[in-house]
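Going from the sequence shown to our numbering is simple: count from 1 and add 24.
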Amino acid sequence: MAFSDKDILESIRKGENTKILQHLYEKILPKICRYICKNSGNEDDAFDVFQDGVMIFYKYVMSGNYRDDYDISGFLYTVCRNLWINKVKHDRFLLRMEDNYEGKDISENILDNLISRERESYVRNLLNELGEKCRQLLQYIFYYQLTTREICDKMGFANEDTLKTKKYKCKQRLLEIINKSKN
């Protein structure tokens with residue numbers, strides 16, 4: 025059975041998700057799979073990315089941020105494409121980090137690992153004091169390097185100005201925590 029975009033949105037808002045999910049998987053997943061398989065991924069990657077994309081779509085609809093004049097297929101395709109691009113960037117970043125360790129002798133690697141773990145522990149402790157929302161926001165910005173639009177979508181911010189305000193407050197809070205920890 026084919027559903028119109030209007031039918032899909034109404035069903036999601038009413039919580040009638042089973043048939044809608046099946047429809048989205050049948051209609052849109054193959055497009056996402058083709059894109060990801062052409063861009064250094066596989067079917068498992070496509071499935072994972074599509075699941076994340078559907079979750080973002082659902083949150084967008086349920087929060088009232090999804091405009092009814094958007095094309096659902098195009099929206100999901102764009103969200104999944106952006107998720108995949110970010111995953112590939114992240115994986116390449118990790119690969120470059122691993123490449124930087126090759127060629128060093130064992131004692132340098134052990135010392136580097138020890139220092140790295142201590143820094144990670146220190147940063148993790150600082151971030152834990154921030155709270156979940158700020159920690160997640162700063163990770164999206166600085167670690168995953170997501171765009172403001174992607175972060176708004178993932179975290180449910182109403183607009184980019186709200187995100188910028190939250191980012192500023194989180195950075196200020198982190199600076200306070202760092203200054204306090206120096207004392």
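Built from N, CA and C at the ideal position, the CB exists for glycine as well. Only a predicted model underlies this, so the values are computations on that prediction, with no experimental measurement involved.
Query, Result
"Mark Gly155 as exposed unless 16 or more other C-beta atoms lie within 10 angstroms of its C-beta, in which case mark it buried.", "exposed"
"Exposed or buried, Arg147, counting other C-beta atoms within 10 Å across all chains shown (16 or more means buried)?", "For the sequence presented, residue 147 should be read as Val rather than Arg. Exposed, by the Cβ-count rule."
"Name the two residues that bound the continuous alpha helix (DSSP H) containing Tyr82.", "67-86"
"Go ahead and label Ile80 buried or exposed: buried means 16 or more other beta carbons lie within 10 angstroms of its beta carbon, across all protein chains shown.", "buried"
"Count the other CB atoms, across all protein chains shown, that sit within 10 Å of the CB of Asp93; report buried if there are 16 or more and exposed otherwise.", "exposed"
"Phe99 by DSSP, collapsed to three states: which one?", "helix"
"Who are the Cβ neighbours of Leu187 in its own chain at under 7 Å, not counting the five residues just before and after it?", "Thr172, Ile175, Cys176, Phe181"
"Measure the alpha-carbon distance for Leu170 versus Tyr164 and round it to whole angstroms.", "6 Å"
"Please return the same chain residues whose Cβ sits closer than 6 Å to the Cβ of Ala70, not counting the five positions on each side in sequence.", "Ile56, Cys57, Ile60"
"Would DSSP call Tyr59 helix, strand or coil?", "helix"
"Does DSSP put Tyr146 in a helix, in a strand, or in coil?", "helix"
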